[in-house]
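One structure is given below, encoded as structure tokens.
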Amino acid sequence: MAGQVKSIKEIPREELFAPGHRLCAGCGIPPLVRIVLKAVPGPKVVVTATGCLEVATTIFPYTSWRVPWVHNAFENAAATASGIEAAFRILEKKRGIKRPKIIVFGGDGGTFDIGLQALSGALERGHDMIYICYDNEAYMNTGIQRSGATPRGAATTTSPAGRVIPGKMERKKDLLGIAIAHGVRYAATLNPAFPVDMYNKIVKAASVEGPTVLHYLCPCPTGWRFDPSRTIEVARLAVMTRMWPLYEYEDGRYRITVMVKKPRPIEDYIKLQGRFRHLLQPENKWVLDQLRRDVEEFWERLVRLASASE
Amino acid sequence: MAAVTRVKGQRRVGMTGDEAVAYAVKQADVDVIAAYPITPQTIIVERLAEYVNNGELNAAFIPVESEHSALSTCVGASLAGARVFTATASQGLALMYEILWIASSMRTTIVMALANRALSAPINIHCSHDDAYAARDTGWIQFFAENVQEAYDLTIQAFKIAEDKRVLLPTIINLDGFILSHSLEGLYVLSDDDVRKFLPPKEPVNPIDVERPMTYGPLALYDYYYEFKRAQAEAMKNSYPVILEVFKEYERISGRRYAPVKEYGMEDAEVAMVILGSSAGTARYVARRMRERGEKVGVLSLTLYRPFPEKEIVERLRGVKAAIIMDRSYSFGSPGAQLFMDIAAALYNEGERPLLINAIYGLGGRDLTPDQVEAAFRAAFEAAKTGVVKERELWLGVR
Chain A
1 MAGQVKSIKE
11 IPREELFAPG
21 HRLCAGCGIP
31 PLVRIVLKAV
41 PGPKVVVTAT
51 GCLEVATTIF
61 PYTSWRVPWV
71 HNAFENAAAT
81 ASGIEAAFRI
91 LEKKRGIKRP
101 KIIVFGGDGG
111 TFDIGLQALS
121 GALERGHDMI
131 YICYDNEAYM
141 NTGIQRSGAT
151 PRGAATTTSP
161 AGRVIPGKME
171 RKKDLLGIAI
181 AHGVRYAATL
191 NPAFPVDMYN
201 KIVKAASVEG
211 PTVLHYLCPC
221 PTGWRFDPSR
231 TIEVARLAVM
241 TRMWPLYEYE
251 DGRYRITVMV
261 KKPRPIEDYI
271 KLQGRFRHLL
281 QPENKWVLDQ
291 LRRDVEEFWE
301 RLVRLASASE
Chain B
1 MAAVTRVKGQ
11 RRVGMTGDEA
21 VAYAVKQADV
31 DVIAAYPITP
41 QTIIVERLAE
51 YVNNGELNAA
61 FIPVESEHSA
71 LSTCVGASLA
81 GARVFTATAS
91 QGLALMYEIL
101 WIASSMRTTI
111 VMALANRALS
121 APINIHCSHD
131 DAYAARDTGW
141 IQFFAENVQE
151 AYDLTIQAFK
161 IAEDKRVLLP
171 TIINLDGFIL
181 SHSLEGLYVL
191 SDDDVRKFLP
201 PKEPVNPIDV
211 ERPMTYGPLA
221 LYDYYYEFKR
231 AQAEAMKNSY
241 PVILEVFKEY
251 ERISGRRYAP
261 VKEYGMEDAE
271 VAMVILGSSA
281 GTARYVARRM
291 RERGEKVGVL
301 SLTLYRPFPE
311 KEIVERLRGV
321 KAAIIMDRSY
331 SFGSPGAQLF
341 MDIAAALYNE
351 GERPLLINAI
361 YGLGGRDLTP
371 DQVEAAFRAA
381 FEAAKTGVVK
391 ERELWLGVR
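Next comes the structure, spelled out in structure tokens:
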């Protein structure tokens with residue numbers, strides 16, 4: 001497809017996301033934003049939900065954004081983007097103003113939980129936008145509280161690893177399943193350890209007229225408690241353990257874009273992160289086993305969907 | 001509003017309040033409408049959807065999934081440079097509440113019709129002014145219509161005021177739920193041409209522009225937030241002369257004179273009633289009867305509620321011995337209901353000021369009867385005579 005790349009060296013150098021922002025060292029957000037702004041061609045407007053990305057990049061009077069950027073509130077990024085998209089569509093007709101592509105960034109709190117209704121409405125109405133969830137698997141901006149995206153077993157400040165209840169007891173929501181059920185034409189998972197895969201998926205999403213949803217694993221050294229120098233390693237292990245399958249859904253067909261034939265044990269991913277450390281204790285083995293079953297079940301479902309698409 | 005005068009090019013039509021608002025929005029050639037159904041507003045957006053789907057209005061009609069998203073969508077559209085309209089009532093306004101503050105602070109120019117309806121619980125679909133009052137502190141300009149003609153006229157004027165470069169504030173037109181929203185009245189409507197001349201396409205200030213990238217809705221802490229709020233306070237104050245200017249210009253094309261405050265019998269009134277919305281007519285009807293009997297009563301009704309026409313009210317109440325402040329809502333645990341507190345605050349520093357009585361009326365759509373209005377005037381006469389307010393809070397017509 002036009003615009004896709006074979007190696008990271010082909011990715012454009014122009015940076016529309018300026019340095020000097022105040023995201024944490026090792027944060028997974030900047031690699032996402034930089035690549036998105038390179039991969040989406042032409043004029044673009046970014047909408048961002050309240051969250052880490054918003055607070056750390058627009059501290060008045062400074063901004064990291066070299067494109068028009070709008071923040072309204074926490075739960076309404078998709079609705080705000082709907083208004084911008086619809087306005088440009090009608091202004092294009094009435095006054096010949098060129099319509100930009102609308103890109104939305106929301107964290108997992110702003111997407112899985114409080115913003116899910118607004119997202120559902122925007123997807124159903126079919127606004128032309130790329131909705132990207134940067135999923136760091138908890139409310140990191142307010143101090144690491146559990147969200148509907150927090151994986152089973154993870155310790156957060158509202159799902160602490162207690163003596164009776166060892167971390168979050170519920171499985172993670174299937175965001176892309178929800179998006180796909182709305183009839184979106186394209187949806188995909190992203191991971192910063194696979195920048196070429198990520199870039200090409202964004203290019204694809206940008207080529208679709210209508211809503212698309214991208215789901216990005218956003219390692220968070222602060223909330224997950226790992227060494228900030230190991231962000232990419234942690235991200236890669238998420239894929240290699242099948243904790244974070246890389247796949248895409250396109251017009252009814254599923255495709256696993258990074259096939260993991262021989263997965264590493266999930267312990268390899270878990271032992272690097274403080275949020276999961278308690279799962280390695282013998283008395284919590286049952287939680288680890290459940291998490292492993294979650295991962296296996298999802299992977300098997302995905303393999304079935306992908307093979308049925310062939 | 002002054003007596004309706006016939007001006008060339010206007011048509012006499014019969015419409016409900018909701019239909020009249022929708023017709024005004026169509027004539028305003030709005031670009032984006034985002035709304036969610038709620039009684040008694042729904043007819044407004046139903047008509048607008050018909051206009052759009054029949055090709056009579058070239059606009060994007062966005063049938064959002066909640067009022068929260070309705071206003072959020074309007075914020076995005078307004079920032080993009082569009083002329084934007086929404087409508088809601090009661091629970092819908094409550095659901096929008098968070099975004100009301102953002103819409104005004106981001107200096108959007110959204111125009112909203114609020115078909116005033118009581119807040120739950122118990123759930124009720126009829127008129128109270130709870131919703132208008134709930135938006136009182138959020139930085140929106142607010143008008144109250146007394147009849148269908150005013151709902152139409154104020155809607156057209158609201159766009160011009162909101163979008164004026166000296167203002168840039170979102171604006172609400174209140175119309176009493178059912179009493180105005182669903183009542184068929186005769187009104188004069190302007191020609192499309194006259195409206196277009198009065199209200200040319202929006203010239204947005206700093207709209208989203210890919211050639212001039214800007215950051216909208218940043219984080220500002222204790223080092224800048226304060227100044228944002230001060231600037232917003234100035235904008236609200238600055239809107240007042242613009243509102244007067246727009247009223248004048250509108251009078252020239254329509255023959256209908258608008259003012260922040262309407263008065264009846266105030267030139268020599270000993271007691272006065274201050275009121276919002278459609279009940280002003282009932283108040284004037286009773287006042288007229290009482291004046292025929294030689295009783296010096298007057299009525300002040302507010303067309304403009306925010307910015308509060310403080311000076312006008314203080315001036316009109318000068319020489320009045322006692323005033324009844326009518327509230328179609330209640331502020332639990334407060335020293336009086338909402339309009340009462342506004343007027344008490346406005347009068348406090350005046351040397352000469354009337355005694356004030358707060359009358360609660362009509363909650364949840366209960367009729368305000370002439371007898372109740374007269375009883376309220378009697379209480380004011382009693383206070384004027386004795387110099388003492390026996391009961392500061394009256395509940396008119398409650399069982």
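Top line first, the protein sequences correspond to chains A and B.
When we follow the numbering used here, the leftmost residue of the first sequence carries the number 1, and every step to the right adds one.
When we follow the numbering used here, the leftmost residue of the second sequence carries the number 1, and every step to the right adds one.
Built from N, CA and C at the ideal position, the CB exists for glycine as well.
* Per DSSP, which residues does P166(A) bridge with? Please list them. => A161(A)
* **Any C-beta of chain B under 8 Å from that of A18(A)** => no
* Using the beta-carbon of each residue, which ones in chain B are nearer than 7 Å to T63(A)? -> T215 and P218
* So what's A73(A) in DSSP terms, helix, strand or just coil? -> coil
* Roughly how many angstroms lie between the CA atoms of G3(A) and G153(A), to the nearest whole one? -> 40 Å
* To do: Whole angstroms is fine: what's the gap from S69(B)'s alpha carbon to L37(A)'s?
  => 26 Å
* Of the residues A345(B), E374(B) and N349(B), which one's Cα is nearest the Cα of A359(B)? -> E374(B)
* With which residues is I320(A) paired in a DSSP beta bridge? -> The displayed coordinates of chain A run from 1 to 310. Any statement about residue 320(A) would go beyond what the structure contains.
* Chain-ordered residues of the region 59-84 of chain B with a beta carbon less than 7 Å from chain A -> A59, A60, I62, V64, E65, S66, H68, S69, S72, T73, C74, V75, G76, A77, L79, A80, G81 and A82
* **Contact under 8 Å by Cβ, Y186(A) with T212(A)** => yes
* Asked: Would you call M1(A) buried or exposed, if buried means 16 or more other Cβ atoms sit within 10 Å of its Cβ?
  -> exposed
* In three-state DSSP terms, what is K160(B)? -> helix
* Asked: The beta strand (DSSP E) with T109(B) in it runs from where to where?
  -> Run containing T109(B): none; DSSP gives neither H nor E here.
* Asked: If we count Cβ pairs, one from each stretch, closer than 8 Å, do we get three or more for the region 129-141 of chain B versus the region 160-178 of chain B?
  -> yes
* **Start-to-end residues for the alpha helix (DSSP H) that takes in K229(B)** => Y225 to S254
* Asked: Below 8 Å, can you find three or more Cβ-Cβ pairs linking the region 71-83 of chain B to the region 63-75 of chain A?
  -> yes
* Would you kindly check if the distance between the Cβ of E251(B) and the Cβ of Y258(B) is under 8 Å? => yes
* Closest by C-alpha distance to I8(A), when choosing among I35(A), K271(A) and P282(A) -> I35(A)
* **Nearest residue (CA-CA) to A384(B), options R288(B), V320(B), Y188(B) and I123(B)** => V320(B)
* Give a yes or no on whether the minimum CB-CB distance between R66(A) and chain B is below 8 Å. => yes
* Asked: Between T48(A) and F105(A), is the Cβ-Cβ spacing less than 8 Å?
  -> yes
* **Helix, strand or coil at M214(B) according to DSSP, with G and I counted as helix** => coil
* **Contact between the region 268-283 of chain B and the region 209-227 of chain B (3+ Cβ pairs under 8 Å)** => no
* Asked: So is A24(B) in contact with chain A if we call contact Cβ pairs under 8 Å?
  -> no
* By the criterion of Cβ-Cβ separation under 8 Å, what are the contact partners of D209(B) in chain A? -> P68
* **Residue burial classification, N191(A) (beta-carbon count within 10 angstroms, cutoff 16)** => buried
* Please classify Y264(B): is it buried, with 16 or more other beta-carbons within 10 angstroms of its beta-carbon, or exposed? => buried
* Please check if any C-beta of chain B sits within less than 8 Å of the C-beta of E209(A). => no
* Kindly indicate the opening and closing residues of the alpha helix (DSSP H) around I43(B). => T42 to N53
* Asked: Three or more C-beta pairs closer than 8 Å, one from the region 19-27 of chain A and one from the region 196-207 of chain A: is that the case here?
  -> no
* Asked: Is A134(B) close to chain A, meaning its C-beta is less than 8 Å from at least one C-beta of that chain?
  -> no
* Endpoints, alpha helix (DSSP H) assigned at W395(B) -> That residue, W395(B), is in no alpha helix (DSSP H); its beta strand (DSSP E) goes E393 to W395.
* Answer with yes or no whether the minimum CB distance from I452(B) to chain A is below 8 Å. => Chain B is shown only over 1 to 399; residue 452(B) falls outside these bounds and no answer can be derived.
* What do you get for Y348(B), buried or exposed, if any count of 16 or more other CB atoms within 10 angstroms of its CB means buried? -> exposed
* Could you name the residues of the same chain whose beta carbon sits closer than 7 Å to that of A20(B), not counting the 5 residues immediately before and after it, in chain order? => V148, A151, Y152 and L187
* To do: Please state if the CB of P218(B) and the CB of F60(A) are separated by a distance shorter than 8 Å.
  => yes
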